[in-house]
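What the sequence shown shows, in my numbering, is residues 5 to 199, in sequence order.
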Amino acid sequence: MCRLPLHTLTWTVIGLGACAFDAGGLPGAPGAPDGGPAADAARADAPTVPSAPGYEQVSGTDVRYRPVLAPATLEAAAADCDDDVAGAHLVVVDDAAENGVVRRFADARVAGDRIWLGITDAAIEGVWRTVDGAAVDYVHWKDGEPNDGGDDGDGEDCAVMLGVHDPGPDRGRWNDVACDEPHPYVCEWHPPASP
Ligand SMILES: [Ca+2]
Ligand SMILES: [Ca+2]
Ligand SMILES: [Ca+2]
């Protein structure tokens, strides 16, 4: 059965996505109440809510994140998130509030490490877009970044959010890095709105 994770965060993780869905009594779910024929008909008309194992909902929002500790290249990380459930993607930070939420989530779930961001300037140098090709409206670069640096002459076309092992003022800020570096990551998913 569902067990809520222990935590000491200032914001609250209310549980794994799959647990939240089970608690709603989906058809066929263990423990779903038997409401008779009328209830069966109502359930048949209800939209199918996709499950998304491993995702945790941030209290007060509809967004869910899934942490992945195993380092991967940007391409592999993005593909892994895309495979989760329709609409899931490598985390894209849309504003300062989400930047803070994602950094705290990574502190708690990804050992405070640097994490991939779902953006790239591989198509046009200096023009950052999401890995799905959408415009990027918010950035939070460290001073001097993005610099398209690197030692091998190939430039830096992907980006990480800096973590607890980086100098204090830089924590939560961004740096462009080579896309084939291995980093942990966070997947993001917004469940479909209920009718
Ligand atoms: Ca986002
Ligand atoms: Ca670049
Ligand atoms: Ca850089």
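Don't be surprised by glycine CBs; every beta carbon is placed ideally from N, CA and C.
For residue i, which residues does DSSP report across the bridge?
i: H93; result: E192
i: Y142; result: Partner(s): none; Y142 has no beta bridge.
i: H164; result: In the sequence under discussion, the amino acid at residue 164 is Val, which differs from the His named in the question. Partner(s): W120 and N179.
i: H187; result: A76
i: R108; result: According to DSSP, which records beta bridges pairwise, R108 is partnered with nothing at all.
i: T134; result: I123
Here's the rule: buried if 16 or more other CB atoms are within 10 angstroms of the residue's CB, otherwise exposed. What is residue i?
i: A197; result: exposed
i: L3; result: The question about residue 3 has no answer, for the chain in this structure spans 5 to 199.
i: V114; result: buried
i: T65; result: exposed
i: P71; result: buried
i: P102; result: First, the amino acid is wrong: residue 102 is Glu here, not Pro. It is buried - the Cβ of E102 has at least 16 other Cβ atoms within 10 Å.
i: V164; result: buried
i: A110; result: buried
i: V131; result: exposed
Kindly indicate which three-state DSSP category residue i falls into: helix, strand or coil?
i: R177; result: coil
i: V114; result: coil
i: L73; result: strand
i: L20; result: Here L20 scores only 41 on pLDDT, less than 50, and its place in the model is too uncertain to base an answer on.
i: A50; result: Annotation note: pLDDT 47 at A50 (below 50); position unreliable, coordinate value reported separately. Residue state, collapsed to three classes: coil.
i: E60; result: strand
TODO: Count the CB pairs spanning the stretch 106 to 121 and the stretch 179 to 195 that are closer than 8 Å, and state whether there are at least three.
DONE: Output reads yes: the stretch 179 to 195 touches the stretch 106 to 121.
TODO: Assess, as a yes-or-no matter, whether the stretch 68 to 84 is touched by the stretch 118 to 138 under the definition of 3 or more beta carbon pairs within less than 8 Å.
DONE: Counting Cβ pairs under 8 Å, three or more are found: they touch.
Open item on the list: Does the structure place the stretch 177 to 184 close enough to the stretch 145 to 152 that three or more beta carbon pairs sit under 8 Å?
Closed with: The answer is yes - the stretch 177 to 184 touches the stretch 145 to 152, with three or more Cβ pairs under 8 Å.
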